[in-house]
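So the sequences go chain by chain: A and B.
Each residue of the first sequence is one higher than the one before, starting from 1 at the first, in the numbering used here.
Each residue of the second sequence is one higher than the one before, starting from 1001 at the first, in the numbering used here.
Number of protein chains: 2
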Amino acid sequence: MENFTFYSPTLYEFGRGAEEKTGMLTFLMGVKKVMIVFGKKYVKANGLLERVETSLSAIGIEYVEFGGVAPNPTDDKVYEAIALARDKHVDGMLAIGGGSVIDTAKAVAAGVLYDGDFWDFFSGRSDVKKALPVGVLLTIPGSGSESSGNSVITKRETLQKISLRTDSILRPRFAILNPELTFTLSAWQTACGIVDMMSHIMERYFSPTSRVEVSDRLAEGLLLALINEAPKALSDPTDYQARANIEWAGTLGHNGIVGCGRREDWVSHFMEHEISAVYGVTHGAGLAVVIPAWMAFMAHHKPSKVAQLGRRVFGVEAVDDRTAAIEAVASLRAFFSAVLRMPLDFKALGVAEPDIDLLVKKLHEDKGETIGGYYRLTSKETRQIYELMLPATAE
Amino acid sequence: MENFTFYSPTLYEFGRGAEEKTGMLTFLMGVKKVMIVFGKKYVKANGLLERVETSLSAIGIEYVEFGGVAPNPTDDKVYEAIALARDKHVDGMLAIGGGSVIDTAKAVAAGVLYDGDFWDFFSGRSDVKKALPVGVLLTIPGSGSESSGNSVITKRETLQKISLRTDSILRPRFAILNPELTFTLSAWQTACGIVDMMSHIMERYFSPTSRVEVSDRLAEGLLLALINEAPKALSDPTDYQARANIEWAGTLGHNGIVGCGRREDWVSHFMEHEISAVYGVTHGAGLAVVIPAWMAFMAHHKPSKVAQLGRRVFGVEAVDDRTAAIEAVASLRAFFSAVLRMPLDFKALGVAEPDIDLLVKKLHEDKGETIGGYYRLTSKETRQIYELMLPATAE
């Protein structure tokens, strides 16, 4: 266990009807005129946007709408929103949606108060020193962005998908989570969200730091909860309790608590970001392909933590670490495939002929010569992992 | 899972040398003159107080010392500290110690800004509406007070030991945790702290609310971590990693995260508070006597959650809930006794002839005719539980 600072001051309002508190919570964060960021038609069609606006108006808060944010959100929408936010003099952000919407709102929150190009924060040229307060009404769980200080934006021109990580300045002041709002998510969206949640937990779990028993047990507990609840939500999309447990696990999986006291990994995310930036696949589906490949590589090169996952989460009984790790990979693949109906290789992901040269090149250009917290990977090794994602050849 | 609000804005600074940040963190909470609350000689003798004062002075913060707080802290020290704090015009509190010191600092923080008698907050006559900011440097883990908005104070005159619970106004702004500061705790202090931590987790775990899979898994994970690390810290008091995991588990066990979305129980605490108020026993040791008795009663009256604890934490395999619950009680008693060397009955606790009439009477006077979240207990039933704490009669 290493030294750490943990500070997670987001207020979570969780449960049926929680969205009715949007006005009050926005008021409490001291905002007079808020920009509402959302995605496609959905929040308009189902009346949610109108209900939120009523809740804001009732307490005297003005608002400006900014819709049309798409999955894998891009810098052009951020520039557009920053210009509008400045023009309208908004002093706070309210994201209604999932990770793409929240991440856009965060980038705008930082960009509005910055004289230079907001992309400086993502390229590492500058640090976020001030930002408008951000509130979230979550409708698509998975990204964990409602509980993190992070934002992931893709630069359209170069297809760089970059994750900006801040300690707390971009952490939402509040996050409203009503599991009922997730009833209408498709099985595909639900499953992609669950993979993303599990990945946030596992990226922290796969750590070179020893003796992190508390953080390990929390990670394993959240994974067990997700594995237990996922089939229930998929077989009955209106199972409130399954939806509630999944949503809350996703939030806790990314608020930092699972990472306390240890170095984290994040290679699976880096590798997937290259895939989704180039091929536009859904992040969660991409992760379902990447994670088992990364784990299979580790089963042969550094099996210990993969074996622990297998034993404590999947009930693997093998005594030998390598065998236990291989069985863990098989268990996870079976869960992704049979329960979540996720793709497990490039082809099933819709990428028939992946340009692995390009993916490896971009990956190491963006992230450095070697990458990874759990195990340091060279470009030769990341190539091997990408190759493990190719469909099995006919026998 | 029920609706809930979760807000835990305490900043945790964890690790070796963390206490060096006391001055900076006190400064960041906007305090100019702080009252340092501590217990007996210890913090003076080992130089910790001096190091903290140096850290405060270095950043220009004045301080007033208030020492001598004893275990099971009483109202008279709170009155004394409030008078001193007003006289010296302090604008913040810094607690250096364990639960007794932190709870005293919190009571003072609320009392200083209140025109009436601070006991009004504990008697339920008034709510805390404002309070000085409180920071904590933890030296005795167990109470979880560093992460909660609660304070437990005993009224000397009537021996009422009352817990005041606030949402966030009395939550410490920061908590500094350096596991090295716990190396000198005796095996007894260490074990009492671990029982207290486990009790905070179990009081929330024993809930009538169904489908709280995430909160259950987190609770079980923290218990597993404590059970795994406890023998290591007891056999080697300077095992930093064991001390670190125990301290962090204790903090997370009481910051509210384990209770999200469910009704909690707290009867074991209520029953123990009567024992320690009347007989002055150490809270953790008292809990080691109370909890297994409460669980044994439940094994016969409502075994389901006790059985789940047995299966998921102690590896009990019995299919029948009642049998599994009975085995869970036996496992917990064995852990308390063989590993933690805790007393398991009144006599071993040092209370040779407990006045059960008095305990039952005070309990229901303080807490109402029936008590408990998991199972509603009448005075006849709480008497039965107290009687289960009597030593087994000779065969």
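No residue lacks a Cβ here, since even glycine has one placed at the ideal position from N, Cα and C.
As the structure is a prediction and not an experimental result, all values here were calculated from the model.
Between the beta-carbon of P172 (chain A) and the beta-carbon of I227 (chain A), is there less than 9 Å?
For this step, residue 172 (chain A) is matched to residue 172 along the first sequence. For this step, residue 227 (chain A) is matched to residue 227 along the first sequence. No. Outside cutoff.
Kindly indicate the opening and closing residues of the beta strand (DSSP E) around S143 (chain A).
The count along the first sequence starts at 1 and reaches residue 143 (chain A) at position 143. From DSSP, S143 (chain A) is part of no beta strand (DSSP E); its letter is neither H nor E.
Determine contact between the segment 187 to 196 of chain A and the segment 23 to 33 of chain A, defined as no fewer than three beta-carbon pairs at a distance below 8 Å.
Look at the beta carbons and you see the segment 187 to 196 of chain A not touching the segment 23 to 33 of chain A: under three pairs across the two are nearer than 8 Å.
Grab the span of the alpha helix (DSSP H) containing Y1279 (chain B) for me, first residue to last.
In the second sequence, the residue the question calls residue 1279 (chain B) occupies position 279. Here the alpha helix (DSSP H) through Y1279 (chain B) covers V1267 to Y1279.
Would you say V212 (chain A) faces chain B, with C-beta separation under 9 Å as the test?
Translated into positions along the first sequence, residue 212 (chain A) becomes position 212. A Cβ of chain B is located within less than 9 Å of the beta carbon of V212 (chain A).
Amino acids of chain B, ordered along the chain, whose beta-carbon sits closer than 9 Å to that of M1 (chain A):
Mapped onto the first sequence, residue 1 (chain A) falls at position 1. Those within 9 Å of M1 (chain A) in chain B are F1014, G1015, P1179, Y1240, Q1241, A1244, N1245 and W1248.
Between L223 (chain A) and I201 (chain A), how many whole angstroms is the CB-CB distance? I'm expecting something under 8 Å.
Here the question's residue 223 (chain A) lines up with position 223 in the first sequence. Here the question's residue 201 (chain A) lines up with position 201 in the first sequence. Indeed they touch by this definition, with Cβ atoms about 6 Å apart.
Anything in chain A within Cβ reach of L1252 (chain B), meaning under 8 Å, just list it in chain order.
Residue 1252 (chain B) sits at position 252 when you count from the first residue of the second sequence. Those are V214, L218 and I257, listed as they occur along chain A.
Residue ranges of each alpha helix (DSSP H) run of no fewer than 4 residues wholly in the segment 1314 to 1356 of chain B, ordered along the chain?
The qualifying runs are 1321 to 1334 and 1346 to 1349.
With 9 Å as the threshold, decide whether the Cβ of N1403 (chain B) is near any Cβ in chain A.
Only positions 1001 to 1395 of chain B appear in the structure, and residue 1403 (chain B) is not among them; the question remains open.
In whole angstroms, give me the CA-to-CA distance for H1364 (chain B) and S1207 (chain B).
Within the second sequence, numbered from 1, the residue matching residue 1364 (chain B) stands at position 364. Within the second sequence, numbered from 1, the residue matching residue 1207 (chain B) stands at position 207. Roughly 21 Å between the two C-alpha positions.
Quick one: measure Cβ to Cβ for V313 (chain A) and E203 (chain A), integer angstroms, because I've assumed they're closer than 8 Å.
Residue mapping note: residue 313 (chain A) aligns to position 313 of the first sequence, counting from 1. Residue mapping note: residue 203 (chain A) aligns to position 203 of the first sequence, counting from 1. Contact flag wrong, Cβ pair sits at about 15 Å.
Leaving out five residues on either side along the sequence, give the residues of the same chain with a beta carbon under 8 Å from the beta carbon of D345 (chain A).
Residue numbering aside, residue 345 (chain A) sits at position 345 when the first sequence is read from its first letter. Around D345 (chain A): V289, M389, L390, P391 and A392.
Run through chain A and tell me which residues come within less than 9 Å of F1335 (chain B), C-beta to C-beta.
Walking along the second sequence from the start, residue 1335 (chain B) turns up at place 335. The premise fails here: F1335 (chain B) is roughly 16 Å from chain A at the closest Cβ pair, so nothing lies under 9 Å.
By DSSP, does E1395 (chain B) sit in helix, in strand, or in coil?
By 1-based counting over the second sequence, the position of residue 1395 (chain B) is 395. Here the model assigns E1395 (chain B) a pLDDT of 47, short of 50, so the residue's position is not dependable, and the following value carries that caveat. E1395 (chain B): coil per DSSP, three-state reduction.
Assign V1319 (chain B) to buried or exposed, taking buried as 16 or more other Cβ atoms, counted over all protein chains shown, within 10 Å of its Cβ.
Mapped onto the second sequence, residue 1319 (chain B) falls at position 319. Its Cβ having fewer than 16 others within 10 Å, V1319 (chain B) is exposed.
List the residues of chain A that N1150 (chain B) touches, going by C-beta distances under 7 Å, in chain order.
Here residue 1150 (chain B) refers to the residue found at position 150 of the second sequence. Simply none; closest approach about 19 Å.
Report the start-end ranges of each alpha helix (DSSP H) in the segment 1186 to 1262 of chain B that is 4 residues or longer and not cut off at the edges.
As far as the segment 1186 to 1262 of chain B is concerned, its whole alpha helix (DSSP H) runs of at least 4 residues are 1187 to 1205, 1213 to 1235 and 1240 to 1252.
In the DSSP assignment, find the unbroken alpha helix (DSSP H) run with T1382 (chain B) in it and report its ends.
In the second sequence, the residue the question calls residue 1382 (chain B) occupies position 382. DSSP places T1382 (chain B) inside the alpha helix (DSSP H), whose first and last residues are S1379 to E1387.
Buried or exposed (CB count within 10 angstroms, at least 16 for buried), E395 (chain A):
In the first sequence, the residue the question calls residue 395 (chain A) occupies position 395. With a pLDDT of only 48 at E395 (chain A), under the threshold of 50, the placement of this residue in the model should not be trusted; the figure read from the coordinates follows. E395 (chain A) comes out exposed.
Would you call the segment 159 to 170 of chain A and the segment 135 to 142 of chain A in contact, with 3 or more CB pairs under 8 Å?
Too few Cβ pairs lie closer than 8 Å, so no.
Going along chain A, which residues have a C-beta under 7 Å from P1009 (chain B)?
In the second sequence, counting from the first residue as 1, residue 1009 (chain B) sits at position 9. Within chain A, the residues whose beta carbon sits less than 7 Å from that of P1009 (chain B) are P9, listed in sequence order.
Find the residues of chain A that neighbour A1225 (chain B), judging by a C-beta separation of less than 7 Å, and give them in chain order.
As a position in the second sequence, residue 1225 (chain B) is number 225, starting the count at 1. Result: E213, V214 and R217.
If the criterion is Cβ atoms closer than 9 Å, does the pair P1231 (chain B) and M1197 (chain B) meet it?
Position 231 of the second sequence holds residue 1231 (chain B). Position 197 of the second sequence holds residue 1197 (chain B). No. Outside cutoff.
Close beta carbons around L252 (chain A), own chain, < 7 Å, minus the five adjacent residues each side:
Within the first sequence, residue 252 (chain A) is the residue found at index 252, counting from 1. So the qualifying residues of the chain are L222.
Chain-ordered residues of the segment 257 to 285 of chain A with a beta carbon less than 9 Å from chain B
Cβ contacts with chain B come from I257, C260 and G261.
Reduced DSSP category for E369 (chain A) - H, G, I as helix; E, B as strand; rest coil:
By one-based count along the first sequence, residue 369 (chain A) stands at place 369. Residue state, collapsed to three classes: coil.
Answer yes or no: do A307 (chain A) and A328 (chain A) have a C-beta to C-beta separation smaller than 9 Å?
Translated into positions along the first sequence, residue 307 (chain A) becomes position 307. Translated into positions along the first sequence, residue 328 (chain A) becomes position 328. Going by C-beta atoms, A307 (chain A) is nearer than 9 Å to A328 (chain A).
For Y1114 (chain B), decide whether its Cβ has a neighbour in chain A, counting only Cβ atoms nearer than 9 Å.
Here residue 1114 (chain B) corresponds to residue number 114 of the second sequence, with the count starting at 1. So, not an interface residue.
Could you tell me which uninterrupted alpha helix (DSSP H) segments, each at least 4 residues in length, are contained entirely in the segment 1069 to 1115 of chain B, listed from first to last along the chain?
List check, alpha helix (DSSP H) in window: 1075 to 1088 and 1099 to 1112.
Using a threshold of 9 Å, state whether the C-beta atoms of M29 (chain A) and G97 (chain A) are closer than that.
Counted from its first residue, the first sequence places residue 29 (chain A) at position 29. Counted from its first residue, the first sequence places residue 97 (chain A) at position 97. Contact annotation: M29 (chain A) and G97 (chain A) have beta-carbon atoms that are not nearer than 9 Å.
Spell out the partners DSSP gives L1138 (chain B) in its beta bridges.
As a first step, residue 1138 (chain B) is located in the second sequence; it is residue number 138 there, counting from the start. B:G1097 and B:L1177, per the DSSP bridge assignment.
Excluding five sequence neighbours on each side, which residues of the same chain lie with their C-beta closer than 7 Å to the C-beta of A430 (chain A)?
Not covered by the structure: residue 430 (chain A). The range shown for chain A is 1 to 395.
Own chain partners of I356 (chain A) with C-beta closer than 7 Å, once the 5 adjacent residues on each side are dropped:
Within the first sequence, the letter at position 356 stands for residue 356 (chain A). Closer than 7 Å at Cβ, skipping near neighbours: R383, Y386 and E387.
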